[in-house]
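Under the UniProt record's numbering, residues 1 to 185 are what the sequence shown spells out, in order.
First comes the structure, then the notes that go with it.
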Amino acid sequence: MAKGDTKVVRSYEDELAFISQRDDLSCEIKVGMVDNMRVPGVFYANDKLRALVCDEVRDFSQAGGHGGFLPAAKQIANVAALPGIVKRSIALPDVHSGYGFAIGNVAAFDMDDPEAVVSPGGVGFDINCGVRLIRTNLHEDDLKDKRELLAQTLFDHIPVGVGSKGVIPMSFKVQQFFSLINGLV
């Protein structure tokens, strides 16, 4: 831990005070759940997933903050403490505890902020889940009328699911080569 950092161990009820339901499908993690949070966190979940996220917090609290993993809610809060984060740390409906970032956790960082981090592998490189870093000079207004086309183009070009293929054909040997290279980087 950095100088001055302290590990905060709270009761389950105290931890839950930092999580509030925004609407039927989202919850906010308030600034303060972990030290140095710069923005709130948000996770999108139905009742069943929300219960699982809270169960992780309960188990962690009952173990006195010890155990093999941090709950997803704490990981979302930790991402909210990263330098340069913009607006909020967001977790998508597949959220669950990961290594560093929660699985399903996404964030944007202000590259004009000299303290900002660049994290192209926030959830790790081993899972190859399709998380990628992209830097553009586009602004929200540039895409306003093109969102559907952009989304469809991404779906058409990014392989997802077992047996799916991208638009660039590769032989098995080439795939092995890239797997080897990516595994070593």
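Heads up, the beta-carbon is just placed ideally off N, CA and C, and yes, glycines get one too.
Since the structure is predicted, the reported quantities are computational estimates derived from the model, not experimental observations.
- Message: Helix, strand or coil, according to DSSP, for F155 in the structure here?
- Response: Taking the first residue of the sequence shown as 1, we reach residue 155 at position 155. Here F155 sits in helix by DSSP.
- Would you kindly check if the distance between the Cβ of K87 and the Cβ of V39 is under 7 Å? Numbered from its first residue, the sequence shown carries residue 39 at position 39. Numbered from its first residue, the sequence shown carries residue 87 at position 87. Judged by beta-carbon spacing, K87 lies within the 7 Å limit of V39, meaning their Cβ atoms are closer than that value.
- Could you tell me how far apart the beta carbons of N105 and G122 are, in whole angstroms, since I believe they sit closer than 8 Å? Stepping through the sequence shown from its first residue, residue 105 is reached at position 105. Stepping through the sequence shown from its first residue, residue 122 is reached at position 122. Going by Cβ atoms, the distance from N105 to G122 rounds to 7 Å, so yes, they are a contact pair.
- Look up residue 192 in the DSSP assignment and say whether it is helix, strand or coil. Because the chain here runs from 1 to 185, residue 192 falls outside it and cannot be looked at.
- Message: Let me confirm a value: M111 is counted as buried when at least 16 other C-beta atoms fall within 10 Å, else exposed. Which label applies?
- Response: Residue mapping note: residue 111 aligns to position 111 of the sequence shown, counting from 1. Classification of M111: exposed, given that the 10 Å Cβ count is below 16.
- Message: So the candidates are V53, R22, R135, N46; which of them puts its Cα closest to the Cα of Y12?
- Response: Walking along the sequence shown from the start, residue 12 turns up at place 12. The option with the nearest alpha carbon to Y12 is V53.
- Item | Sub-7 Å separation of F109 and A116 beta-carbons | Indexing the sequence shown from 1 puts residue 109 at position 109. Indexing the sequence shown from 1 puts residue 116 at position 116. Yes, the Cβ-Cβ distance between F109 and A116 is below 7 Å.
- Item | For A91, the three-state DSSP class (helix, strand or coil) | Locating residue 91 in the sequence shown gives position 91, counting from the first residue. Strand.
- What is the DSSP secondary structure of E56, reduced to helix, strand or coil? Along the sequence shown, read from residue 1 onward, the residue named residue 56 stands at position 56. Note: E56 maps to helix in three-state DSSP.
- Item | Residue from V31, L92, P71, H66 whose Cα sits closest to the Cα of A81 | Residue numbering aside, residue 81 sits at position 81 when the sequence shown is read from its first letter. A check of alpha carbon separations from A81 across V31, L92, P71, H66 identifies V31 as the nearest.
- Using only alpha-carbon positions, find the residue among D23, D59, D47, E15 that is nearest to A77. In the sequence shown, residue 77 corresponds to position 77, counting from 1. For A77, the nearest C-alpha among the options comes from E15.
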